[in-house]
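Novice:
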Amino acid sequence: MRKKLIILTILCLALLLVGCNSAGEVKVYEDTEEITVTHVEKEQTAVVTGIDLEANIISFKDCMSSEDFELVYHGGVSVLNTYGRDIGISGIGNGSVVDVFYYSDTNRIVSITLNDKTTVLKGVTKFSADPDNGTAKYKGTTCNMWENVVAYDEGKLLNIQEINTEDQVTLTFFAGKLVSVVVELGHGYVRLANQDTYVGGMVEIGYDVIVPVTSDMLVAVREGKYTLRIYNGNYSDSKPVEVKKGKEVTVDLTDIAIPTGTVTFNITPADATLYINGEEQDDFAYTNLYGTYGIRVTREGYNTFNGSFKISQSVNTFDIELVAKEEETEESTTEATTATTTATSTETTVTTTEATTEATTGTTSETTAETPGTEGANTTGNTITVKGPVGAGVYVDGDYVGLAPVTFPKVVGTHTITLYKTGYLIKSYTITAADNGENDEHTFPELTSVFDALEE
18 MRKKLIILTI
28 LCLALLLVGC
38 NSAGEVKVYE
48 DTEEITVTHV
58 EKEQTAVVTG
68 IDLEANIISF
78 KDCMSSEDFE
88 LVYHGGVSVL
98 NTYGRDIGIS
108 GIGNGSVVDV
118 FYYSDTNRIV
128 SITLNDKTTV
138 LKGVTKFSAD
148 PDNGTAKYKG
158 TTCNMWENVV
168 AYDEGKLLNI
178 QEINTEDQVT
188 LTFFAGKLVS
198 VVVELGHGYV
208 RLANQDTYVG
218 GMVEIGYDVI
228 VPVTSDMLVA
238 VREGKYTLRI
248 YNGNYSDSKP
258 VEVKKGKEVT
268 VDLTDIAIPT
278 GTVTFNITPA
288 DATLYINGEE
298 QDDFAYTNLY
308 GTYGIRVTRE
318 GYNTFNGSFK
328 ISQSVNTFDI
338 ELVAKEEETE
348 ESTTEATTAT
358 TTATSTETTV
368 TTTEATTEAT
378 TGTTSETTAE
388 TPGTEGANTT
398 GNTITVKGPV
408 GAGVYVDGDY
418 VGLAPVTFPK
428 VVGTHTITLY
438 KTGYLIKSYT
448 ITAADNGEND
458 EHTFPELTSV
468 FDALEE
């Protein structure tokens with residue numbers, strides 16, 4: 018009996034050894050007939066577009082044919098970097114360009130290697146895409162985009178125009194074209210409240226957000242903790258702010274509002290005319306925010322006084338005494354009068370220009386709030402219309418322009434369009450306006466309600 022068992026064991030071992038073959042061939046037995054199965058191994062260079070470890074499926078888009086395909090992943094698959102080191106499945110992600118080897122008959126992955134002919138740029142800022150022209154820009158550099166370029170944020174597929182210039186991204190290039198963009202740090206939104214005393218000034222938030230202060234503004238800022246600095250004229254202050262991805266934070270400026278002070282001028286002669294920032298005053302008392310202002314005092318028969326003053330406390334007093342023009346002898350009257358008039362005229366012109374410029378600057382800032390991005394910009398005479406989503410509040414580069422559909426002047430360059438609606442998630446898109454003699458129209462997807470977002 019023992020001999021029979023030994024013989025049977027040897028026969029089983031022999032059959033197992035016969036069933037093994039060289040790589041790619043497997044022998045199986047069906048109704049005692051030997052059948053050899055040969056797997057055909059295939060290689061493709063592709064962009065990873067989805068990783069589902071629960072279903073053991075990885076999705077790809079072929080870099081040459083743009084074909085979408087799915088393969089079966091299992092724990093035995095080796096995932097290597099460009100140096101041949103095993104990095105595991107966590108070493109790749111959506112947007113990675115890889116060389117994938119698999120059995121074409123079973124679609125089972127054999128190995129995945131990061132493609133060594135790609136260029137990967139990390140920590141890139143100031144990125145913007147222009148799908149219409151098939152180009153993208155980052156920090157002054159222009160590149161061509163693959164027609165199937167993909168963009169991801171935390172593994173989620175994005176419309177590439179959803180990437181804001183404030184985001185920090187990773188760019189992957191293959192065959193000289195941008196094939197994928199992955200967000201490293203996204204953006205949130207900062208809204209100012211009770212900023213009236215700073216309107217016309219500037220606010221600085223984050224790394225490079227420096228924008229005019231308007232009465233209604235919603236600014237996209239890269240996620241992180243910052244010191245918000247705001248100033249108007251010579252007065253400035255700051256507050257801490259934390260920006261979270263996709264969230265809106267309101268910064269209340271009530272506690273750092275610019276104080277108001279009153280200046281009383283004791284002017285001799287008392288019937289002189291007082292101008293402050295180019296505007297004639299009814300009396301010699303002036304109340305305004307802390308800051309520096311231009312002043313001009315005139316009176317016939319006296320030399321004009323030009324200068325500036327600073328309001329730095331609640332009560333201020335300044336004494337100004339005009340100097341009477343000197344009387345000239347008859348024979349030197351013509352020459353002296355000409356000299357005096359020229360000097361006075363020149364002085365007056367300089368000061369008036371300074372005062373008018375200061376006053377005009379304030380007016381221009383207010384106009385910019387109504388017509389975003391036009392200050393010193395290349396306006397085209399054409400317009401941009403945001404047609405939808407209907408009823409959403411539209412902000413252009415942080416400035417409110419109205420409810421969609423809304424039309425505003427077209428300014429050449431890259432702009433951030435932010436859409437806001439109570440009860441919905443804020444969304445922003447980056448657009449590029451070209452000086453092509455045409456009016457542009459944009460219709461963006463409907464906003465996602467907060468309740469729907471919570472259910473996802």
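Taking my numbering, the leading residue of the sequence shown gets 18, the next gets one more, and so forth. Ideal Cβ placement from N, Cα and C applies to all residues, glycine included. Nothing here was measured: the structure is a model prediction, and the numbers come from that model.
For residue 73, which residues in the same chain have their Cβ closer than 7 Å to its Cβ, ignoring the five residues on either side in sequence?
Specialist: Contacts found: 89, 90 and 91.
Novice: When the distance is taken between beta carbons, is residue 165 closer than 9 Å to residue 83?
Specialist: Their beta carbons are under 9 Å apart, which means residue 83 touches residue 165 by this criterion.
Novice: Decide if residue 227 is buried, meaning its Cβ has at least 16 other Cβ atoms within 10 Å, or exposed.
Specialist: Residue 227 comes out exposed.
Novice: From 57, 55 and 79, pick the residue whose C-alpha is nearest to that of residue 66; which is it?
Specialist: Checking every option, the nearest Cα to that of residue 66 belongs to 79.
Novice: Measuring straight from C-alpha to C-alpha, what distance separates residue 293 and residue 275?
Specialist: Their backbone Cα atoms lie some 19 Å apart in a straight line.
Novice: Going by C-alpha to C-alpha distance, which of 75, 122, 130 and 111 sits closest to residue 96?
Specialist: Out of 75, 122, 130 and 111, 130 has the C-alpha closest to the C-alpha of residue 96.
Novice: How is the beta strand (DSSP E) around residue 81 delimited, first residue to last?
Specialist: No beta strand (DSSP E) contains residue 81, which DSSP labels as neither H nor E.
Novice: When the Cα atoms are used, what is the spatial distance from residue 300 to residue 331?
Specialist: C-alpha separation (whole angstroms): 18 Å.
Novice: State the DSSP-derived secondary structure class of residue 178, mapped to helix, strand or coil.
Specialist: Helix, per DSSP.
Novice: When you compare each of 324, 325, 278 and 315 to residue 302 by their alpha carbons, which one comes out closest?
Specialist: Closest option to residue 302, Cα to Cα, is 278.
Novice: Which of helix, strand or coil does DSSP assign to residue 273?
Specialist: Helix at residue 273.
Novice: Starting from the C-beta of residue 467, find all residues in its chain whose C-beta is less than 7 Å away, skip the five residues before and the five after it, and write them out in chain order.
Specialist: 440, 441 and 442, listed in sequence order.
Novice: Where does residue 90 fall in DSSP's three states?
Specialist: Coil, per DSSP.
Novice: Going straight from the alpha carbon of residue 154 to that of residue 449, what length do you get?
Specialist: Distance between the alpha carbons of residue 154 and residue 449: 10 Å.
Novice: Measure the C-alpha to C-alpha separation of residue 217 and residue 236 and round it to an integer number of angstroms.
Specialist: Approximately 16 Å between the Cα atoms of the pair.
Novice: Figure out for me which residue from 430, 431 and 446 has the closest Cα to the Cα of residue 437.
Specialist: Checked all of 430, 431 and 446; the closest Cα to residue 437 is 446.
Novice: In whole angstroms, what is the alpha-carbon distance linking residue 433 and residue 204?
Specialist: Near 12 Å, if we compare the C-alpha coordinates of residue 204 and residue 433.
Novice: Curious, which full-length alpha helix (DSSP H) runs of at least 4 residues does the stretch 267-312 contain?
Specialist: Listed in chain order, there is nothing to give.
Novice: Relative to the C-alpha of residue 215, which residue among 253, 114 and 197 is closest?
Specialist: The residue with the shortest Cα to Cα distance from residue 215 is 253.
Novice: Taking 7 Å as the limit between beta carbons, can you name the residues of its chain near residue 105, skipping five residues before and five after?
Specialist: Cβ neighbours of residue 105 beyond the five flanking positions: 96.
Novice: Can you tell me where the beta strand (DSSP E) with residue 219 in it begins and where it stops?
Specialist: 219-222 is the extent of the beta strand (DSSP E) around residue 219.
Novice: Would you mind working out which of 221, 62 and 108 sits nearest residue 68, comparing C-alpha positions?
Specialist: Of the candidates 221, 62 and 108, the one whose C-alpha sits nearest the C-alpha of residue 68 is 108.
Novice: Starting from residue 253, follow its DSSP beta bridges and name the residues at the other end.
Specialist: According to DSSP, residue 253 bridges with 248.
Novice: Rank 272, 296, 297 and 324 by C-alpha distance to the C-alpha of residue 309 and give the top, closest one.
Specialist: The option with the nearest alpha carbon to residue 309 is 324.
Novice: Are at least three pairs of beta-carbons, each pair with one atom in the stretch 237-247 and one in the stretch 189-206, less than 8 Å apart?
Specialist: Contact holds: three or more Cβ-Cβ distances are below 8 Å.
Novice: By the DSSP assignment, the beta strand (DSSP E) with residue 206 in it spans what residues?
Specialist: Counting along the chain, the beta strand (DSSP E) containing residue 206 begins and ends at 204-210.
Novice: Just mark residue 417 as buried or exposed, buried being the case when its beta carbon has 16 or more other beta carbons within 10 Å.
Specialist: Answer is buried; the Cβ neighbour count reaches 16.
Novice: Measuring from the CB of residue 261, is there a heavy atom of the ligand SAM at a distance below 8 Å?
Specialist: For the structure depicted, the ligand SAM is absent and the ligand set is empty, with no information on it obtainable.
Novice: Evaluate residue 111 with the Cβ neighbour count: other Cβ atoms within 10 Å of its Cβ, from every protein chain shown; 16 or more gives buried, anything less gives exposed.
Specialist: Buried, because 16 or more other Cβ atoms sit within 10 Å of the Cβ of residue 111.
Novice: Taking residue 114 and residue 62 to be in contact with their CB atoms under 8 Å, please state how far apart those CB atoms are, rounded to whole angstroms.
Specialist: With 8 Å as the limit, residue 114 and residue 62 qualify as a contact, their Cβ atoms being about 7 Å apart.
Novice: In chain order, what residues of the same chain lie with their CB nearer than 6 Å to the CB of residue 127, ignoring the 5 residues before and after it?
Specialist: Counting only Cβ-Cβ distances below 6 Å, and skipping sequence neighbours, we find 118 and 119.
Novice: DSSP three-state label for residue 468, please.
Specialist: Residue 468 falls in the helix class under three-state DSSP.
Novice: What is the rounded straight-line gap between the Cα of residue 188 and the Cα of residue 138?
Specialist: Looking at the two C-alpha atoms, the distance is approximately 5 Å.
Novice: State the start and end residues of the unbroken beta strand (DSSP E) segment that holds residue 190.
Specialist: Note, residue 190: beta strand (DSSP E), 185-191.
Novice: Taking the alpha carbon of residue 316 as the point to measure from, which residue in 338, 296, 334 and 328 has its own alpha carbon closest?
Specialist: The candidate whose alpha carbon is nearest that of residue 316 is 338.
Novice: Secondary structure at residue 108, three-state DSSP: helix, strand or coil?
Specialist: Looking at residue 108 - three-state DSSP - the assignment turns out to be helix.
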